[in-house]
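Enquirer: Pasting a structure here, questions to come.
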Amino acid sequence: MQTLQISIYVIAALVLLALVFDFMNGFHDAANAIATVVSTGVLKPQTAVAMAAFFNVIAIFFFKLKVASTIGKGTIEPWAIDHYVIFGALVGAVFWNLVTWYFGIPSSSSHALIGGLVGAAVAKAGTSALISGGLWKTIAFIVLSPTLGFILGSLMMLLVSWLFVKSTPLKVDRWFRRLQLVSASLYSLGHGGNDAQKTMGIIWMLLIAGGYSSSAEVAPPMWVILSCYGAIGLGTLFGGWRIVKTMGQKITKLKPVGGFCAETGGAITLFIATALGIPVSTTHTITGAIVGVGSSQKMSAVRWGVAGNIVWAWVLTIPASAFVAAIAWWIGTKIL
């Protein structure tokens, strides 16, 4: 890969923009980790976000950096990467995050970032700039992650119902109010482990292009790892309350037992994807799990109209962020 002459000031500005995206990722996706535990009344909102932020950050000790490697080396051809492409990708992703947060739509920060990368790279060099293997894995999991979340969430609900069939509702509620603390913690751990690594991959991509890191290295610099985990944790701490309401109340009415099953099913999905190095949407995953829990009780328990609107947002995420990223790439070539 040819090393580009990129000003250290441009590098610093783009790293800062990447960390802003990472912060917004945590802010936007806080709902994924805490919506169920808040809507069931197990934790107060402020306590829930503090817990989620803590587990976002300590994910650094639990997961290998395979997702960062996929983003940094497995989506865009190295020869196509420059500071203009990174700028376009981040602007496209941040724009889509702001729009969906404003309207309270639980969309995917991950796929907004992938869409941004695709849009900026194609604007620069056409489709030959894309690495199909890494992108197809990501695209496939747009369907597979909510499906797996749905299956695991519904299976967990059926298993718990069978195990506690002779227990009183009061006893079940008391048990799962405690267990939901565990499941919410595990989901937050999975969220931090998968999502923080996406921003690491972008920064790593930029550093390699500018000659500040080597493509032969198996992991980004430690300061990148620490700052990305810190930024997503801080974003989660501030929480996106508009989306919490959608995730925790509008799709289906959850009790502690349902919240536990949804979070556990979602956490298992995230752990599997992160171990395989696949950047998945935590939003898609938990939404699928919540729908699975609701539909395992009765189909009418799910507000399918709300779920349908969310799916439309998923469909639009990559093309919308790619379109904005292509425009931002052109603007970047004029101002950077």
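Read in order, the letters of the sequence shown are residues 1145 to 1480 in this note's numbering.
Heads up, the beta-carbon is just placed ideally off N, CA and C, and yes, glycines get one too.
1. Taking 9 Å as the cut-off, decide whether the C-beta atoms of residue 1216 and residue 1345 are in contact.
2. Return the residue from the list 1475, 1257, 1329, 1341 that minimises the CA-CA distance to residue 1458.
3. Let me know if residue 1162 comes out buried or exposed under the rule of 16 or more other beta-carbons within 10 Å of its beta-carbon.
4. Hey, quick one: how far does the alpha helix (DSSP H) through residue 1361 stretch, first residue to last?
5. In whole angstroms, what separates the C-alpha of residue 1289 from that of residue 1166?
6. DSSP has residue 1220 in a bridge; who is on the other side?
7. Going by the beta-carbon positions, is the gap between residue 1380 and residue 1193 smaller than 9 Å?
8. For residue 1090, does the count of other Cβ atoms within 10 angstroms reach 16, so buried, or fall short, so exposed?
9. How do the segment 1264 to 1282 and the segment 1402 to 1415 stand: do at least 3 beta-carbon pairs fall below 8 Å, yes or no?
10. What whole-angstrom Cβ distance do residue 1404 and residue 1323 have, given they're in contact under 8 Å?
11. Can you give the Cα-Cα distance for residue 1320 and residue 1341, rounded to whole angstroms?
12. Using the Cα positions of residue 1406 and residue 1469, report the straight-line distance between them to the nearest angstrom.
13. Expressed to the nearest angstrom, what Euclidean distance is found between the alpha-carbon atoms of residue 1364 and residue 1308?
14. Please say whether residue 1154 and residue 1347 have beta carbons closer to each other than 9 Å?
15. Return the chain-ordered list of same chain residues with a C-beta closer than 7 Å to the C-beta of residue 1294, the five sequence neighbours on each side being excluded.
16. Tell me the rounded alpha-carbon separation between residue 1231 and residue 1440.
17. Measuring straight from C-alpha to C-alpha, what distance separates residue 1152 and residue 1247?
18. Could you check the C-alpha separation between residue 1509 and residue 1188 for me, to the nearest Å?
19. Only counting the same chain, and skipping five residues up and downstream in sequence, which positions put a Cβ closer than 6 Å to that of residue 1197?
20. Excluding the 5 residues preceding and the 5 following residue 1372 in the sequence, name in chain order all residues of the same chain whose CB lies nearer than 6 Å to its CB.
21. Within a Cβ cutoff of 6 Å, which residues of the same chain sit near residue 1463, ignoring the five residues on either side of it in sequence?
22. Where do the ends of the alpha helix (DSSP H) carrying residue 1193 lie?
23. Taking 8 Å as the limit between beta carbons, can you name the residues of its chain near residue 1202, skipping five residues before and five after?
24. Let me confirm a value: residue 1370 is counted as buried when at least 16 other C-beta atoms fall within 10 Å, else exposed. Which label applies?
25. Roughly how many angstroms lie between the CA atoms of residue 1298 and residue 1224, to the nearest whole one?
26. Does the distance from the CB of residue 1428 to the CB of residue 1286 come in under 9 Å?
27. With a cut-off of 8 Å on the beta carbons, I'd call residue 1328 and residue 1178 a contact; round off their distance for me.
28. Near residue 1227, what residues of its chain come up, given a Cβ to Cβ distance below 8 Å and the 5 sequence neighbours on each side ignored?
29. In chain order, what residues of the same chain lie with their CB nearer than 6 Å to the CB of residue 1301, ignoring the 5 residues before and after it?
30. Near residue 1316, what residues of its chain come up, given a Cβ to Cβ distance below 7 Å and the 5 sequence neighbours on each side ignored?
31. Is it true that the CB of residue 1423 sits closer than 9 Å to the CB of residue 1243?
32. Under the rule that 16 or more other beta-carbon atoms within 10 Å means buried, what is residue 1268, buried or exposed?
33. Tell me which same chain residues have a C-beta within less than 7 Å of the C-beta of residue 1460, skipping the five on either side of it?
Expert: Well, looking at it:
1. In this structure, residue 1216 places its C-beta atom within 9 Å of the C-beta atom of residue 1345.
2. Cα-wise, what sits closest to residue 1458 is 1257.
3. Counting other Cβ atoms within 10 Å of its Cβ, residue 1162 reaches 16 or more and is therefore classed as buried.
4. Taken as a continuous stretch (DSSP letters only), residue 1361 belongs to no alpha helix (DSSP H), as it is neither H nor E.
5. Each residue's alpha carbon lies about 21 Å from the other.
6. Note: residue 1220 sits in a beta bridge opposite 1274.
7. Yes, they are a contact pair.
8. No answer is possible for residue 1090: it lies beyond the span of the chain, which begins at 1145 and ends at 1480.
9. Verdict: no, contact absent.
10. 5 Å between Cβ atoms; contact.
11. Their Cα atoms are separated by approximately 31 Å.
12. Our two residues, residue 1406 and residue 1469, have alpha carbons roughly 34 Å apart in a direct line.
13. Rounded to whole angstroms, residue 1364 to residue 1308 spans 47 Å at the Cα level.
14. Taking a C-beta distance under 9 Å as the contact criterion, residue 1347 and residue 1154 do not qualify as a contact pair.
15. Excluding sequence neighbours, residue 1294 sits near 1432, 1433, 1435, 1436.
16. Computed Cα separation, rounded: 44 Å.
17. Their Cα atoms are separated by approximately 37 Å.
18. Nothing in the structure corresponds to residue 1509, since the chain is present only between 1145 and 1480.
19. Excluding sequence neighbours, residue 1197 sits near 1377, 1380, 1381.
20. Spatial neighbours of residue 1372 in its own chain (CB-CB distance under 6 Å, excluding positions within 5 residues in sequence) are listed in chain order as 1166, 1340, 1343, 1344.
21. In the same chain as residue 1463, and ignoring 5 residues on each side of it, no C-beta atom comes closer than 6 Å to its own.
22. First-last of the alpha helix (DSSP H) with residue 1193: 1189 to 1202.
23. Once the five neighbours on either side are set aside, the close Cβ partners of residue 1202 are 1333, 1336.
24. Exposed is the call here.
25. When rounded, the distance between both Cα atoms is 43 Å.
26. By the CB criterion at 9 Å, residue 1428 and residue 1286 fall inside the cutoff.
27. That pair is a contact at about 7 Å.
28. Taken in chain order, the residues that qualify are 1148, 1150, 1154, 1155, 1158, 1350, 1353, 1354, 1476, 1480.
29. Beyond the five residues adjoining it in sequence on each side, residue 1301 comes within less than 6 Å, by CB distance, of 1405, 1437, 1440 in the same chain, given in chain order.
30. Scanning its chain for C-beta atoms nearer than 7 Å, with the 5 sequence neighbours on each side dropped, one finds around residue 1316 the residues 1308, 1401, in chain order.
31. In this structure, residue 1243 keeps its C-beta atom at 9 Å or more from the C-beta atom of residue 1423.
32. So residue 1268 ends up on the buried side.
33. Same-chain partners within the cutoff: there are none.
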